Structure formats: C-alpha cells, structure tokens
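Protein chains in written order, with the working numbering: chain X, 523 to 635; chain Y, 414 to 528.
Virtual Cβ for every residue (Gly too), placed ideally from N, Cα, C.
Here the structure is a predicted model, which is why all the values come from computation and not from measurement.
Remarks on the structure that follows.
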C-alpha cells in the first residue's frame, strides 16, 4: 500500500524567511511519481512539480526547490524568501504507474507580513 | 482546451436528499478520476474510469454513491440519501493514459454542504 506523510500540520514564518515542508512517502513499487500541489484559499489545486522515481536530481524553480532522496523516502519542498502570497495549504502526493494519486494530509503555511 | 470543468460549483442540500455532480474532462482525455476532500484533509481517491469502464472503486465509495461515464466523455457522481458526513469538496481530474497517465488535471471542485 502507498502512503504519504506530512508531519507538519501548520507552519508560520515571517515574510522573507525560508521554509521547508517535509514529505515522507511509502511504496513498494519501483516506478512511481511524486508531486507537490498548492491549494490557496480559493480551493483549486495548483500543480507545482512532478518527479519520477528514477530522477533524484534536485530541482529549483525560482524561489521553489525540491529535494528528492530515495534513501530516506523523502521529497521535501523549500520556499526561499517567502512571500505572503505563498500562504496556502501544500500537499505532497504519490502515484504509482499513472494510477490514482495518494495525497498527504497537507501542511498549512502562513506567511506573516 | 478549456480544462476540466465541474458543475455545480456549490451545492447545499438537506440530509436525505439526492445530489448529482457533473464533471467534463479535458477533451480526448480517456481517464477520469473522482476524489473527495473533507475539511483539513488531503483529497482522497473515490473512483476512476478509463473511457466508459469504471476500473477501480475505493472502499470510501459506499452503496449510496454511484458514478457513471456513459459515453466515455463527461461523468456524473450521484449521492443518494445524503448525510452530514458527505459534506466535502468533490474533485474531478482527467488524464490521457497513452501519453502521460500520471499527469492528472484537476477541476475546480464541487463543494457540497449537507444541512
């Protein structure tokens, strides 16, 4: 069975601070995909990134970066120089072979001005 | 390409009533998924279709829930005899299995409130 754990329920940081959202996943499959989604107060799910299990390269996109480590089954997400607009709920998720997506419970991020 | 659309966006119903939601996937996407998101939780998988065939149903999908995709295009999710515990956001997603099955595009959701 697959599982995604986001241990941080809620995080508050002051604007311009860096913040890392943790994600640990479980699966016995060797081929899988990992995702991060953002859900702002409006409710829609905004896709941020997808990684496949064979690509452990870290990725940076502007102020966002992702650290994928198969050895620890983690896929952490860092926001550098946070902004108030980053305030949202962030979900880490896992999919095996294009099947259903298994989401974590989410981390609610508050960026304080 | 207008993306995944869902109708209605909001639905308020009284306990015991039946409700039906509609999802229109991205044109030519052959997979369609339904998820449910309750307050403070991540979306949870309910069921998915490939074309008109329903390939998997979660144990979350009780007998009061039924989903269809009669012509392999739009889908409907019906909840009979609604209960307060059914209050949630119902999300639909679609993908094209031949190309990128893992790339699911989500709709804006239907928020159901059962009073």
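For residue 623/X, the nearest beta carbon of chain Y is closer than 8 Å to its own beta carbon. DSSP lists 589/X as the beta-bridge partner residues of residue 598/X. Of all residues in the segment 475-507 of chain Y, only 502, 504, 506 come within less than 9 Å of chain X when Cβ atoms are compared, listed by chain position. Around residue 437/Y, the same chain offers 418, 487 as residues with beta carbons nearer than 6 Å, after the five sequence neighbours per side are excluded.
Neighbourhood of residue 627/X in chain Y, by CB distance below 9 Å: 453, 454, 455, in chain order.
In the displayed model, residue 437/Y falls within a strand according to three-state DSSP.
Taking each of 467/Y, 468/Y, 491/Y in turn and checking the Cα distance to residue 477/Y, the smallest one comes out for 491/Y. Taking 9 Å as the upper bound on Cβ-Cβ separation, chain X lies near residues 444, 446, 448 of the segment 434-449 of chain Y.
For residue 419/Y, the three-state secondary structure derived from DSSP is strand. For residue 523/X and residue 530/X, the gap between their C-alpha atoms comes out near 22 Å. Proximity of chain X to residue 416/Y at the Cβ level (cut-off 9 Å) is not reached, the minimal Cβ distance being about 10 Å. Neighbours of residue 566/X in chain Y, taken as residues at a C-beta separation under 8 Å, are given in chain order as 519, 521, 522. Contact annotation: the segment 493-500 of chain Y does not touch the segment 605-618 of chain X, with fewer than three C-beta pairs closer than 8 Å. Annotated three-state conformation of residue 530/X is coil, per DSSP. Under the 10 Å beta carbon count, residue 425/Y is surrounded by fewer than 16 other beta carbons and is classified as exposed.
In terms of beta-carbon proximity, residue 586/X stays away from the interface with chain Y, with every pair separated by 8 Å or more. Here residue 535/X is near residue 604/X, since their CB atoms are less than 8 Å apart.
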